[in-house]
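Below: one structure, written as C-alpha cells.
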Ligand SMILES: [Fe+2]
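Residue numbers (our numbering): 103 to 555.
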C-alpha cells in the first residue's frame with residue numbers, strides 16, 4: 103500500500119507537457135521548446151531541429167530533446183544523417199536510468215532504426231503512441247515509419263487508434279486529422295480522406311502534410327485541374343518556411359503531367375525544386391522521380407540530371423534504403439553512367455544479403471526495380487518489362503506512396519510500347535485508364551499502344 107502510494111506520487115510529480123505526456127526532465131523551458139519543435143515538425147515548417155538544439159544547449163540532459171533529434175534523423179531515410187542519429191542515442195544512454203517508459207520507448211525505437219530494424223522501430227514508436235495517445239511526436243514518427251514501409255492500412259489505423267483522445271480543444275488536433283487523411287487516402291478511402299484533409303487545412307493552413315493528403319486524393323482520382331488549383335490556392339499557407347515544399351510542388355508537377363503540359367511541370371520544377379539544390383535524399387527522390395518520368399517519355403530535360411546524379415553518386419555505395427536506391431538508378435540510367443550503375447547494383451546485392459528491414463526491401467523490390475530501370479536506360483525494353491512486371495503486386499514492400507510507386511507502372515507501359523509488345527501495352531493502358539478514364543496522359547499511352555503493329 104505504502105509503496106503503491108509512493109509510486110503514484112512519483113508519477114504525479116513528473117513534469118508534463120501541454121498534451122499531458124510525462125517527462126523525467128523538469129525544465130519547463132526545455133519542454134516548451136520540445137512542444138514548439140514537435141508542432142513545427144508536424145507542420146513540416148521552420149527549423150524544428152534548430153529549436154530543439156537551442157533547448158539542448160541549455161539542457162544537454164533533456165532526454166526527450168535527444169529522442170526528438172534521433173527520431174527526426176532516423177526518419178530522414180538518409181545514411182548521411184546516421185551520425186546525428188547515433189550521436190543522439192549515445193548522449194541519451196547515460197540518462198536512461200532515470201527515464202520513464204515513454205522516453206525509453208522513444209530511445210528504443212530510434213536505436214532499433216539505427217540497428218537497421220526499421221519495422222521494429224516503427225512498432226516501438228507505435229507502442230508509445232498506444233500508451234501515450236497524445237504523444238504527437240511518437241504518432242508522427244510511427245506514421246513516417248509506416249510510410250517508409252508502405253504500410254498503407256497502418257498509415258490509417260495507427261492514427262485511428264489515438265484519435266478518440268484528441269478533439270478541437272487539444273492543441274495540434276488538425277495534425278492528427280491530416281495524418282489520418284493521408285492514411286485514408288493510401289487505403290483507398292478517398293472521400294473521407296478529402297473530408298479529413300480539408301478539415302485539417304481549415305484548422306491550420308500551414309499544415310503541409312494535410313494539404314499533401316488532399317493532393318494525393320486528387321492524384322489518385324485523376325482530378326489534375328483540381329489538384330493544381332488546390333496546391334496553388336493553399337501555397338501561401340504551406341510554402342513559406344516549408345521543409346516539405348519540394349514534395350508538394352512535385353505533386354503539382356504530376357498534375358501538369360497528367361494533362362500532358364510538360365512545360366508547366368518543368369517551369370515549376372526549375373523555379374521551386376531545382377534551384378534550391380538537392381541536399382538530402384528526400385529531395386533527390388523527388389528530383390529523380392520528376393526527371394525520370396520525362397526521360398522515360400523521351401523528353402529532353404537538358405542538363406537537369408547533373409545535380410541529381412551528383413547527389414546520388416555520394417550515396418551510391420550506401421545500400422541504406424531500397425526505395426531511394428531505385429531513384430538513384432533512374433539518375434544513373436538516364437545519363438548512361440555505367441560506372442555508377444555497376445556500383446549501385448553491387449551495393450544492392452550486398453544490402454540484399456544483409457540483415458534488417460532494408461535487406462528484405464532490397465531483395466524483394468529494390469534490386470529487381472533497379473535492374474529494370476537500368477535495362478530501360480540501355481534500351482533493353484523487353485528485359486525492363488520482365489523485371490518490372492512482377493513488382494506491381496508487391497512494390498509496397500519498399501515503401502513510398504501509391505503516387506510515388508506509380509513510376510513503376512509509368513516505366514512499365516513505356517517499356518512495353520517501346521518493346522513493341524502490343525498485348526502488354528494494351529493491357530497496361532487499360533489498367534491505367536480504368537483508374538483515370540479521362541487522363542490525357544493515359545489516353546496518349548492507349549493511342550500509342552493501339553498503334554503497335
Ligand atoms: Fe506525396
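In this text, a Cβ means the ideal position worked out from N, Cα and C, and glycines have one as well.
DSSP three-state assignment for residue i, whether helix, strand or coil
i	result
residue 552	helix
residue 267	helix
residue 147	strand
residue 118	strand
residue 129	coil
residue 539	coil
residue 338	helix
residue 368	helix
residue 179	coil
residue 289	coil
residue 220	helix
residue 273	coil
residue 344	strand
residue 124	strand
residue 401	coil
residue 525	helix
residue 380	coil
residue 164	coil
residue 240	helix
residue 437	coil
residue 565	Coverage of the chain is limited to positions 103 through 555, which leaves residue 565 absent and any answer about it impossible.
residue 253	coil
Contacting residues, own chain, Cβ-Cβ under 6 Å from residue i (five flanking each side not counted)
i	result
residue 276	302, 305, 306 and 309
residue 121	236
residue 469	450 and 454
residue 294	286
residue 222	214
residue 220	459
residue 228	244 and 260
residue 209	169 and 194
residue 339	307 and 308
Residues of its chain near residue i, where Cβ-Cβ distance is below 8 Å and the 5 sequence neighbours each way are ignored
i	result
residue 539	324
residue 261	241, 245, 278, 281, 282 and 285
residue 103	Unreliable placement is indicated for residue 103, whose pLDDT of 29 sits below 50; the coordinate value is still reported in the next sentence. Excluding positions up to five away in sequence, the list is empty.
7 Å Cβ shell around residue i - same chain, five flanking residues per side excluded
i	result
residue 521	483, 484 and 487
residue 197	163 and 165
residue 388	348, 349, 352 and 375
residue 497	467, 507 and 510
residue 396	364 and 403
residue 206	198
residue 336	303, 307 and 313
residue 55	The structure shown does not extend to residue 55, since the chain is modelled only from 103 through 555, so no value can be given for it.
Contact belief for residue i with residue j at Cβ below 8 Å, rounded distance in angstroms
i	j	result
residue 528	residue 511	With 8 Å as the limit, residue 528 and residue 511 do not qualify as a contact, their Cβ atoms being about 14 Å apart.
residue 161	residue 136	Residue 161 to residue 136, Cβ: 10 Å. No contact.
residue 139	residue 154	4 Å
residue 409	residue 380	5 Å
residue 126	residue 202	5 Å
residue 288	residue 258	7 Å
residue 514	residue 545	About 17 Å separates the two Cβ atoms, so there is no contact after all.
CB contact below 9 Å: residue i versus chain C
i	result
residue 542	Of the chains in the structure shown, none is chain C; there is only one protein chain.
Span separating the alpha-carbon of residue i from that of residue j
i	j	result
residue 313	residue 370	18 Å
residue 200	residue 383	36 Å
residue 531	residue 399	15 Å
residue 541	residue 429	25 Å
residue 453	residue 481	27 Å
residue 373	residue 128	46 Å
residue 378	residue 555	45 Å
residue 133	residue 446	43 Å
residue 149	residue 523	50 Å
residue 291	residue 503	14 Å
residue 368	residue 147	25 Å
residue 474	residue 185	32 Å
residue 354	residue 158	37 Å
residue 535	residue 549	12 Å
residue 233	residue 519	52 Å
residue 537	residue 422	33 Å
residue 176	residue 443	26 Å
residue 558	residue 271	Residue 558 lies beyond the range of the chain shown here (103 to 555); nothing can be said about it.
residue 178	residue 169	14 Å
residue 330	residue 317	8 Å
residue 433	residue 411	5 Å
residue 264	residue 440	49 Å
residue 341	residue 525	44 Å
residue 456	residue 419	14 Å
residue 501	residue 123	30 Å
Closer than 8 Å: residue i CB and nearest ligand 2 heavy atom
i	result
residue 286	With respect to ligand 2, the structure shown offers nothing to examine, as its ligands consist of ligand 1.
Lining residues of ligand 1 - beta-carbon closer than 6 Å to any non-hydrogen atom, in sequence order: 314, 318, 349, 353, 503 and 505
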